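Each residue of the sequence shown is one higher than the one before, counting from 903 in our numbering.
Ideal placement from N, C-alpha and C gives every residue a C-beta, glycine not left out.
Nothing here was measured: the structure is a model prediction, and the numbers come from that model.
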Amino acid sequence: MESVENILTQARARASQTGLSYAGAVTPQEAYAVISQDSSAVLVDVRSRAELELVGRVPVATHVEWAFYPGMVANADFAAQLQAQVDKSRTVIFMCRTGGRSHNAALLAQQLGYSHAYNMVEGFEGEANALKQRTLMNGWKHAGLPWTN
903 MESVENILTQ
913 ARARASQTGL
923 SYAGAVTPQE
933 AYAVISQDSS
943 AVLVDVRSRA
953 ELELVGRVPV
963 ATHVEWAFYP
973 GMVANADFAA
983 QLQAQVDKSR
993 TVIFMCRTGG
1003 RSHNAALLAQ
1013 QLGYSHAYNM
1023 VEGFEGEANA
1033 LKQRTLMNGW
1043 KHAGLPWTN
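So this is what it looks like as structure tokens:
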């Protein structure tokens, strides 16, 4: 397994190459390696409670909803909930379905003073194929990483 230091160096390089204002971007495999090797790192799942119940969850993840189902109404208390649950000094990796909401969460976290905020690209379910099916191309589930119903 690659070292946390190497993974985060690569993640910061991706951020620099793509103009991200937060610390970096990691793949699901890299996110798993980081949270497995660094007990101070935290995976924050920003999907809705409905997604967790219907699609599955990562057992070790902290959950702070970015938006509520139905209607995907923005969680006005997201910042306060994040700050109550996750210390700003920790390495924080945000995850959602495909990487969009987690990107926005990482942006907000950086603005809140989380200097080690990362987005997990591909998300839990990954990109949709031509038939709009997920989990077949990439993402946490496709990579065979731990999850439960």
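> Which residues in the same chain have their Cβ closer than 8 Å to the Cβ of glycine 1011, if we skip the five residues on either side of it in sequence?
Replying inline: Before going on, a small fix: residue 1011 reads as alanine here, not glycine. Only Tyr924, Leu984, Val994, Phe996 and Ala1019 meet the Cβ criterion.
>> Among Ala943, Val936 and Val975, whose alpha-carbon lies nearest the alpha-carbon of arginine 951?
In response: With distances taken between Cα atoms, arginine 951 lies closest to Val975.
>> By the three-class DSSP mapping on this structure, what secondary structure does threonine 1000 have?
In response: Of the three classes helix, strand and coil, the one that applies to threonine 1000 here is coil, per DSSP.
> Expressed to the nearest angstrom, what Euclidean distance is found between the alpha-carbon atoms of aspartate 947 and glutamate 953?
Replying inline: Cα to Cα, aspartate 947 sits roughly 10 Å from glutamate 953.
> Which residues in the same chain have their Cβ closer than 7 Å to the Cβ of alanine 1045, if we skip the five residues on either side of it in sequence?
Replying inline: For alanine 1045, where only same-chain residues beyond five positions count, the Cβ hits under 7 Å are Pro930 and Gln931.
> What three-state label does DSSP hand arginine 959 in the structure shown?
Replying inline: Collapsing the DSSP output to three states places arginine 959 in a strand.
> Are threonine 1000 and glycine 958 closer than 8 Å when you measure CB to CB?
Replying inline: No, Cβ-Cβ distance for threonine 1000 and glycine 958 is not below 8 Å.
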